[in-house]
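Top to bottom, those sequences are chains A and B.
Counted the way the working numbering counts, the first sequence spans residues 700 to 1039.
Counted the way the working numbering counts, the second sequence spans residues 700 to 1039.
Some notes on the structure that comes next.
There are 2 protein chains.
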Amino acid sequence: MALPPRATRIADVAALAGVSTATVSRTLANPEVVSPQMREKVMAAVRQTSYTRNIVAANLRSRQTMLVLVVVPDIANPFFAEVLRGIDKTLSGSGYGIIIGNLANSAAKEAHFVDLVFSGQVDGVLLLCGHVPQGKGRQMDVANVPLVAVCEFIPHVTLPQVGIDNQAAAQRVAQYLVGLGHKRFAYISGPASNILDKQRDAGFGNGLKAAGIRKPHLRFEGDFTFQSGALAATEFLTLKQRPTAIFAANDEMAIGFLKTVQKSGVKVPRDVSVVGFDDIEYSEYCEPTLTTVHQPRSALGAAAARLLLDCMQGHEEIAKPRSQYLEAPMVERLSSAVIG
Amino acid sequence: MALPPRATRIADVAALAGVSTATVSRTLANPEVVSPQMREKVMAAVRQTSYTRNIVAANLRSRQTMLVLVVVPDIANPFFAEVLRGIDKTLSGSGYGIIIGNLANSAAKEAHFVDLVFSGQVDGVLLLCGHVPQGKGRQMDVANVPLVAVCEFIPHVTLPQVGIDNQAAAQRVAQYLVGLGHKRFAYISGPASNILDKQRDAGFGNGLKAAGIRKPHLRFEGDFTFQSGALAATEFLTLKQRPTAIFAANDEMAIGFLKTVQKSGVKVPRDVSVVGFDDIEYSEYCEPTLTTVHQPRSALGAAAARLLLDCMQGHEEIAKPRSQYLEAPMVERLSSAVIG
DNA sequence: TTTACCCATGTAATCGATTTCACAGCTAAA
DNA sequence: TTTAGCTGTGAAATCGATTACATGGGTAAA
């Protein structure tokens, strides 16, 4: 096969400057170890030939690619996009680049990402996908490359993880709603077996109990989609004694619920208070604006990236960076109020 | 510096199978050129050692990285995220990976991306950023790597580009509004010197003229933000003879306008029709839902990626893939109606 | 003055795969 | 039977940088 044309090599620069390739390499990587006049001579030759180091060749020898794989379920999801921004800011600050691993429900792609890791194409991996990727009979975490999980917790695994304390946040929502004087509650759940949902569910239940609510709260089954929130609303509307406070496991469902009950003349927050989770952009714009738990998405990404940097630059002493939990404050907007 | 530990090499596999490294390499890359029994022997050794090819080494020799750089102004922008999805689908189908080049207004990062290209780290580049990246005194397009521009047109440049025909789309909006019986129009512009704005502006003006509207339309200066749409609205409200049809250069501004006039009791579409551009997700959810021009974002990404693949796999005959324009239909929703 | 060491530089091995070239064995045509 | 051609395999060059090791000149300590 025809190979692409070659560019100027380090040898060209060395020849022009009348020095060895070793000296050129050192001038570029550790300028302080070469004498000033030599440095000047080499830099002149570099400029003259407009030389750029071949990173691939450098990678081969130094066994580093300065690339991090970020595995996401779906790049088009704005939630992850914001996390990505935080990741990028931190990683690019340390000279690392990002390879996007978009799962898109494809086992083939997942296997390919596992290969990337085993074949030394990346120096580290950030997992936003809630599981350890696998393919061709092996798991990503048995490769000799550091992994850090973010946002979507991965159970039964010893990786460092970064996220928020979902349970505590949900508990605070419960306290808040009880504080507003509510007595009858409902929870709109996420998909069965989703770990985030389990934590938020548990936190909400505990919070109610802790605040002295005896009566068990209602439960609508959802799956994190707008539609499932709407479905919960139609169920809600059939009830003769309706709950006055709704906590949805995410904002999409909260908004789906809210829009649907409004169509039947139910007023929010007069008749029912609604609280979501995530603080997606839309929650600031819908009518009424949505009270919700704010996830510091960019900060989550940045924290995870920093953790990964520690692992990659792994001074042995700090070889075990531990998991981190970030603050997730509730932001009060107009969809919740004291009981009328 | 301590190097990471080494993995199994092709030489290990060759030794185990009792063949040369050349044969192993061929078995993996072109199985059809080795004899079946040899193939079996090698594959057994591969399985036994759980060998994975070192991609970096392969890249060095074959001068291909199977990586494409995608330069975006801001990864957190949902518009680009959707384009990215189309890109990813096409590129990953052909075995290419994606490196994200998030500009984030940083000249240093831009320069770094230029370096990536010149240093042979990527095989091709997709530009969603409306300009040819440059840094350290050189432009990306003088490197020997194919570039394709998407969405944001780059003027005065011979690259293949993929986008929609903004002018034609805006012209259709004008026709549509005139068809509804409107007589007084206003345009909310994008930032000065933005090429997309210029095209939409021109198209709208031409469309009105072509439909027989003599009176020049009003013009509110905006910058693509929600706030600038709101600002246009306050200006609009002070007018004694208000336009009845508003075309905003993007959806954010259209919605900013819409929300703001509603607060003053102006009814949409009874008192004024509003049309946006882009068809962002929110335009389907706002009240009333927004009539707008739909950009086939994912398809745009996919088309650009296909074009780039052609360039990269560059059979000389088709070495000049030309620019492409995709259909951008107007979608009629509830923010526009016949004049009351 | 001698010994020891350091510093700046050069020489050459090395990273791990791909690929060119040479060659042996075999088949088909002359 | 000889010649040409084809096929499958191995030996070794190669991609382009980094870096271990060697070396020579200089300075400081003994």
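The beta-carbon is built from N, C-alpha and C at its ideal position, and this holds for glycine as well.
On a CA-only basis, which of A:1035, A:755, A:1039 and A:706 is nearest residue 873 (chain A)? Give me that one, please.
-> As a working mapping, residue 873 (chain A) is identified with position 174 in the first sequence. Checked all of A:1035, A:755, A:1039 and A:706; the closest Cα to residue 873 (chain A) is A:1035.
Same chain, Cβ closer than 6 Å to residue 957 (chain A), five either side skipped, listed in chain order = Walking along the first sequence from the start, residue 957 (chain A) turns up at place 258. Hits under 6 Å: 967 and 973.
What is the residue span of the alpha helix (DSSP H) that residue 875 (chain B) lies within?
-> Walking along the second sequence from the start, residue 875 (chain B) turns up at place 176. From DSSP, the alpha helix (DSSP H) with residue 875 (chain B) extends over 865 to 878.
Taking all protein chains shown into account, do 16 or more other C-beta atoms lie within 10 angstroms of the C-beta of residue 921 (chain B), making it buried, or fewer, making it exposed?
-> Here the question's residue 921 (chain B) lines up with position 222 in the second sequence. Burial is judged here by how many other beta carbons sit within 10 angstroms of a residue's own beta carbon; residue 921 (chain B) has at least 16 and is buried.
Element boundaries [beta strand (DSSP E), containing residue 972 (chain A)] = For the purposes of this step, residue 972 (chain A) is taken as the residue at position 273 of the first sequence. In the DSSP annotation of this structure, the continuous segment of the beta strand (DSSP E) that includes residue 972 (chain A) starts and ends at 972 to 974.
Validate contact between the region 805 to 813 of chain B and the region 731 to 742 of chain A using beta carbons, cut 8 Å, 3 pairs | The region 805 to 813 of chain B is not in contact with the region 731 to 742 of chain A.
Using 6 Å as the cut-off, classify the Cβ of residue 747 (chain B) as near or not near the heavy atoms of the ligand ATP, replying yes or no.
-> In the structure on display, the ligand ATP does not appear, and there are no ligands present to speak of.
Report buried or exposed for residue 855 (chain B), applying the criterion of at least 16 other Cβ atoms within 10 angstroms of its Cβ.
-> Working through the second sequence from its first residue, we reach residue 855 (chain B) at position 156. Counting other Cβ atoms within 10 Å of its Cβ, residue 855 (chain B) stays below 16 and is therefore classed as exposed.
Could you check if residue 1017 (chain A) is buried or exposed, using at least 16 other CB atoms within 10 Å of its CB as the buried criterion?
-> Position 318 of the first sequence, counting from 1, holds the residue named residue 1017 (chain A). Only weak support exists for where residue 1017 (chain A) lies, its pLDDT of 44 falling under 50; the value from the coordinates is given anyway. Classification for residue 1017 (chain A): exposed.
Check each residue of the region 940 to 957 of chain A: if its Cβ is closer than 9 Å to any Cβ of chain B, include it; give the result in chain order.
-> So the close ones are 954.
Relative to the alpha-carbon of residue 953 (chain A), which residue among A:817, A:838 and A:923 has its alpha-carbon at the smallest distance?
-> For the purposes of this step, residue 953 (chain A) is taken as the residue at position 254 of the first sequence. When only C-alpha atoms are compared, the closest one is A:923.
Secondary structure at residue 824 (chain A), three-state DSSP: helix, strand or coil?
-> To locate residue 824 (chain A), count along the first sequence from 1; it is residue 125. Three-state result, residue 824 (chain A): strand.
Minimum C-alpha distance to residue 836 (chain A) - residue among A:843, A:814 and A:848 = Counting from one through the first sequence, the residue named residue 836 (chain A) turns up at place 137. Nearest Cα to residue 836 (chain A) within the set A:843, A:814 and A:848: A:814.
Completely contained beta strand (DSSP E) runs for the region 944 to 1001 of chain A, where each covers 3 or more residues | Taking only runs of at least 3 residues, the beta strand (DSSP E) segments lying wholly in the region 944 to 1001 of chain A are 944 to 947 and 972 to 974.
Exposure label - residue 909 (chain A); buried when at least 16 CB within 10 Å = Numbered from 1 along the first sequence, position 210 holds the residue referred to as residue 909 (chain A). With fewer than 16 neighbouring CB atoms inside 10 Å of its own CB, residue 909 (chain A) falls in the exposed class.
Three CB pairs or more closer than 8 Å across the region 895 to 908 of chain A and the region 854 to 871 of chain A = Per the Cβ contact rule, the region 895 to 908 of chain A is in contact with the region 854 to 871 of chain A (3 or more Cβ pairs under 8 Å).
Buried or exposed for residue 1015 (chain A), please, with buried defined as at least 16 other CB atoms from any protein chain shown within 10 angstroms of its CB.
-> Within the first sequence, residue 1015 (chain A) is the residue found at index 316, counting from 1. Interpretation of residue 1015 (chain A) is limited by its pLDDT of 43, a score under 50 that renders its predicted location unreliable; no figure is taken from the coordinates.
Would you say residue 725 (chain B) faces chain A, with C-beta separation under 7 Å as the test?
-> Along the second sequence, one-based indexing puts residue 725 (chain B) at 26. By this cut-off, residue 725 (chain B) is not an interface position.
For residue 751 (chain A), which residues in chain B fall below 7 Å Cβ to Cβ?
-> As a working mapping, residue 751 (chain A) is identified with position 52 in the first sequence. Within 7 Å Cβ-Cβ: 814, 817 and 818.
Interface partners of residue 1000 (chain A) on chain B, CB under 8 Å | Taking the first residue of the first sequence as position 1, residue 1000 (chain A) is located at position 301. Going along chain B, no residue has its Cβ under 8 Å from residue 1000 (chain A), so there is no contact; the nearest lies around 10 Å.
Burial state of residue 781 (chain A) (16 or more Cβ within 10 Å) = The residue given as residue 781 (chain A) occupies position 82 in the first sequence. Per the 10 Å Cβ criterion, buried.
Using a C-beta cutoff of 7 Å, does residue 784 (chain B) count as contacting chain A?
-> By 1-based counting over the second sequence, the position of residue 784 (chain B) is 85. At least one chain A Cβ lies under 7 Å of residue 784 (chain B).
Which residues in the same chain have their Cβ closer than 7 Å to the Cβ of residue 838 (chain B), if we skip the five residues on either side of it in sequence?
-> Reading the second sequence from its first residue, position 139 is the one you call residue 838 (chain B). Excluding residues within five positions, the ones whose Cβ falls inside 7 Å are 831.
CB contact check: residue 869 (chain A) to chain B, cutoff 7 Å = In the first sequence, counting from the first residue as 1, residue 869 (chain A) sits at position 170. Not one chain B Cβ lies under 7 Å of residue 869 (chain A).
According to the neighbour-count rule (16 or more other Cβ atoms, all chains shown, within 10 Å of its Cβ), is residue 750 (chain A) buried or exposed?
-> Counting from 1 along the first sequence, the entry for residue 750 (chain A) is found at position 51. Counting Cβ neighbours within 10 Å, residue 750 (chain A) comes out buried, since at least 16 surround it.
Euclidean distance between Cα positions of residue 997 (chain A) and residue 785 (chain A) = Within the first sequence, numbered from 1, the residue matching residue 997 (chain A) stands at position 298. Within the first sequence, numbered from 1, the residue matching residue 785 (chain A) stands at position 86. If you take the alpha carbons of residue 997 (chain A) and residue 785 (chain A), they lie about 4 Å apart.
Give the secondary structure of residue 860 (chain B) by DSSP, where H, G and I count as helix, E and B as strand, and everything else as coil.
-> To locate residue 860 (chain B), count along the second sequence from 1; it is residue 161. Strand, per DSSP.
Can you check whether the CB of residue 729 (chain A) is closer than 7 Å to the CB of residue 771 (chain A)?
-> Residue mapping note: residue 771 (chain A) aligns to position 72 of the first sequence, counting from 1. Residue mapping note: residue 729 (chain A) aligns to position 30 of the first sequence, counting from 1. No. Outside cutoff.
Rounded distance between the beta-carbons of residue 724 (chain A) and residue 859 (chain A), thought under 8 Å | The sequence position of residue 859 (chain A) within the first sequence is 160, counting from 1. The sequence position of residue 724 (chain A) within the first sequence is 25, counting from 1. About 34 Å separates the two Cβ atoms, so there is no contact after all.
Whose C-alpha, out of B:901, B:824 and B:888, is nearest the C-alpha of residue 926 (chain B)?
-> Translated into positions along the second sequence, residue 926 (chain B) becomes position 227. The shortest Cα separation from residue 926 (chain B) among B:901, B:824 and B:888 belongs to B:888.
With 7 Å set as the bound, which would you pick, yes or no: does the beta-carbon of residue 979 (chain A) sit closer than that to a beta-carbon of chain B?
-> Taking the first residue of the first sequence as position 1, residue 979 (chain A) is located at position 280. Closer than 7 Å: no.
Residues sharing a beta bridge with residue 893 (chain B), DSSP = Looking up residue 893 (chain B) in the second sequence gives position 194. Answer is none; residue 893 (chain B) lacks a bridge partner.
Examine chain B for any beta-carbon lying closer than 7 Å to the beta-carbon of residue 777 (chain A), and answer yes or no.
-> For the purposes of this step, residue 777 (chain A) is identified with residue 78 of the first sequence, where counting begins at 1. Look at residue 777 (chain A): its C-beta is under 7 Å from a C-beta on chain B.
Short Cβ contact (7 Å threshold) for residue 948 (chain B) with residue 917 (chain B) | Sequence index remark: in the second sequence, residue 948 (chain B) carries index 249 (1-based). Sequence index remark: in the second sequence, residue 917 (chain B) carries index 218 (1-based). No, the pair does not count as a contact, with Cβ atoms beyond the cut-off.
Contacting positions in the region 730 to 755 of chain B - beta carbon closer than 9 Å to chain A | Residues of the region 730 to 755 of chain B with a Cβ closer than 9 Å to any Cβ of chain A, in chain order: 749, 751, 752, 753, 754 and 755.
Note down, in chain order, every chain A residue with its Cβ under 7 Å from the Cβ of residue 759 (chain B).
-> Taking the first residue of the second sequence as 1, we reach residue 759 (chain B) at position 60. Chain-order list of chain A residues neighbouring residue 759 (chain B): 755, 756 and 759, by C-beta distance under 7 Å.
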